[in-house]
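Here the first sequence stands for residues 49 to 468, numbered as in this note's numbering.
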Amino acid sequence: MLDPKYIREHAAEVKKNCARRNVKVDLDRFLDLDVERLELTRSVEALRAERNSVAAAVKGATDRDALVAKGKALKDDITAKEAELAEKEGEWKSILLQIPNLTHPETPDGKTDEENVEIRQVGKVVKMKDPLDHVALAEKHDLIDFARGAKVAGAKFYFLKGKMALLEQALIRFALDYLTKEGYVALSTPDLAKDEVLLGTGFNPRGDETQIYSIENSDLSLIGTAEIAVGGYHMDEILPEEGTPIKYAAVSHCYRTEAGTYGRESYGLYRVHQFSKVEMFIFCAPDQSEALHQELLRHEEEIFKMLEIPYRVVDICTGDLGGPAYRKYDLEAWMWGRGDGKGGWGEVTSTSNCTDYQARRLNVRVKSKDGNIQFVHTLNGTAIAVSRALIAILENHQQEDGSIMIPKALVPYCGFDRIG
RNA sequence: GGAGAGGUGGCAGAGUGGUCGAACGCGCCACACUCGAAAUGUGGUGUUCCUUCACGGGAACCGUGGGUUCGAAUCCCACCCUCUCCGCCA
């Protein structure tokens, strides 16, 4: 969420930002409520101050009964005003949470993902006569069992089998090794998190449009990304500035309901209910986030270069940014199975600078040497989303003879250099 | 899952209805002493919000949420977490 004080003092700018991002929020209502809330707060506090002084005077007073009566009356006033305040504050908060983060000045304007801007393409797409998509390749080599996945857990679940199961572990370890050398601390996270943590990281676990599985009769949900678990890791903490930036490489399973996304766009492994992922997450001082965002992008590119997969970098436009993101880049890898069989780009990673938007909700702060305390900036980026990386590997490294070459960087981790 | 103990400031640890945002100690910061350091001494040292040009004033926070009371860290209820023992179990 944004700083309410900032919204109050920069209302026009915030309103314009919401419009740019194609987010509909009743900012005027928020500003009205903000005034009412402040007035009520002041009167509640004045009443409490009076109650406190009356209560302090009761002990040993001669007119004790009169003071007690006054105290009782004040108590009723306070209860009433507090209820009024709680109501206003509830509505105020719900609007506040809908207001998106500010936007990087260089972020391209646009309404949908079609207006995202390609920054560069890296690597060459190897032309093939009749490229197979990953589903066909997996069938040919018995690598993924969608039918039995559906039997066991329903549509959009799957078993990785044989060399594919080994490749999953190889990818994870490959990413962890690379990031560990770059100074990231490896983390294996809980697959469940409390609603409080979900909300803090900007995910709504129980709304109508949620992509999150929640556990009945509990305040727990299955995480959709390790970003949630790691975001909560330092919740309610004040970090010493000399310890920042703190960089994590977190491995977790990711669970997504993917409501209403069946069809060609979610074919095969592309959009599934569960997958494994190595996620980069950084907590840093505000002046570090811009450079670290570039660093995350560099790591993502480095990983796909090592996997020898052609990709392009996309600057996500205002309308396609999620609420918490200040700026976001995606890496899209070439996939033969997309674009009606002619091949196309498919998202494989995403990195966001969330500035202090998540940190304010999660209450994670940094304290500098001079005692100055501010909210940290948080950033996240995909190192490897296993299911989509597997699509890219299968479809780009298939050979004329139908076999699949394993990228050299991965061979030491999986122990074989080809499939088939 | 059962029985018991406990959750208080950076740490450790008192406080069991008003004089408590909270003792003592450690740590940390500043100053003094010193060529410098250690030791010693003196002072300071939580967060959030409201208000004030400022000095300052006010409110809230003692695991979380309710309740009792004129008044709650302190009493009551529920929940969460930690520790010890038993049971079960990768």
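Even glycine gets a Cβ: it sits at the ideal position worked out from N, Cα and C.
Taking the C-alpha atoms as reference points, what is the distance between Lys-325 and Tyr-303? 11 Å
Per DSSP, what are the beta-bridge partners of Glu-350 in this structure? Looking at the DSSP assignment, Glu-350 forms no beta bridge with any residue, so it has no partner.
Ignoring anything shorter than 4 residues, give me the alpha helix (DSSP H) runs that lie fully in the region 280-361, in order along the chain. 337-354
Looking at the strands, I want to know which residues DSSP matches up with Val-414. Leu-287 and Gln-422
Can you check whether the CB of Leu-224 is closer than 8 Å to the CB of Ala-297? yes
Please name the residue, chosen from Gly-367, Glu-350, Gly-370 and Gly-371, that lies closest to Val-361 on a Cα-to-Cα basis. Glu-350
Limits of the unbroken alpha helix (DSSP H) element including Thr-228: 211-229
In three-state terms, what does DSSP make of Arg-168? strand
For Ala-109, is the classification buried or exposed, using 16 other Cβ atoms within 10 angstroms of its Cβ as the cut-off for buried? exposed
Is DSSP giving Tyr-461 helix, strand or coil here? helix
Mapping DSSP to helix, strand and coil, what is Lys-159? coil
Within 10 angstroms of the Cβ of Ser-314, are there 16 or more other Cβ atoms? Answer buried if so, exposed if not. exposed
Is it buried or exposed, Thr-127, if we count other Cβ atoms within 10 angstroms and call 16 or more buried? exposed
Other residues of its chain near Gly-316: CB distance less than 6 Å, five sequence neighbours each side excluded: His-182 and Val-183
So, using beta-carbon positions, are Asp-190 and Lys-204 closer together than 8 Å? no
Can Val-245 and Cys-332 be called in contact, C-beta distance under 8 Å? no
With a threshold of 16 other CB atoms inside 10 Å of the CB of Gln-406, please say whether the residue is buried or exposed. buried
For Lys-177, which residues of its own chain have a beta-carbon under 6 Å away from its beta-carbon, when the five flanking residues on both sides are left out? none
If you follow the beta strand (DSSP E) that Gly-469 is in, where does it begin and where does it stop? Past the edges of the chain, shown from 49 to 468, lies residue 469, and the structure says nothing about it.
Cα-Cα separation, Asn-70 to Leu-458: 42 Å
Would Asn-100 be called buried (16 or more neighbouring beta carbons within 10 Å of its own) or exposed? exposed
By the three-class DSSP mapping on this structure, what secondary structure does Ile-192 have? strand
Kindly provide the ranges of any alpha helix (DSSP H) runs that are 4 or more residues long and lie completely inside the region 51-106, ordered along the chain. 52-57, 59-68 and 75-106
State the start and end residues of the unbroken beta strand (DSSP E) segment that holds Lys-376. 375-383
Presumed contact (8 Å Cβ cut-off) between Ala-440 and Val-412, rounded CB distance: The pair is not a contact, with the Cβ atoms about 34 Å apart (cut-off 8 Å).
Look at the Cβ atom of Val-414, then the Cβ atom of Glu-289, and state whether they are nearer than 8 Å. yes
Sub-8 Å separation of Thr-399 and Tyr-377 beta-carbons: yes
Collapsed DSSP secondary structure at Gly-367 in the structure displayed: helix
Could you check whether Ser-300 and Asp-239 sit closer than 8 Å to each other, using their CB atoms as the reference points? yes
Need the endpoints of the beta strand (DSSP E) that Lys-242 sits in, please. 240-242
Check: Met-49 C-beta below 7 Å from any heavy atom of the ligand MG: This structure lacks the ligand MG; in fact it carries no ligand of any kind.
Spatial neighbours of Ile-286 within its chain, please: C-beta separation below 6 Å, excluding the five flanking residues on both sides. Arg-413 and Lys-415
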